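Residue numbers (the numbering used here): 59 to 111. Glycine included, each C-beta is placed from N, C-alpha and C at the ideal position. Because the structure is a prediction, the values reported are computed rather than measured. Have a look at the structure below, then the notes.
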């Protein structure tokens, strides 16, 4: 039973680590104002998909 509980605890810590790392990366992207670059690329891809771009 102890091994299962330890495995579950590691999984919880791993999930929180991934969540924290992703929030840090998103925050860095906002500080660098990269959301506009991402939006521009997304619009270009969508326009290419429908044959306008």
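Open item on the list: With H, G and I counted as helix, E and B as strand and the rest as coil, what does DSSP make of residue 152?
Closed with: The structure shown has nothing for residue 152, since the chain only spans 59 to 111.
Return the CA-CA distance between residue 77 and residue 84, expressed in angstroms with no decimal places. 11 Å
So, helix, strand or coil for residue 108, using DSSP? coil
| message | To the nearest angstrom, how far is the alpha carbon of residue 106 from that of residue 68? | response | 44 Å
| query | Distance, Cα to Cα, residue 109 vs residue 101? | reply | 12 Å
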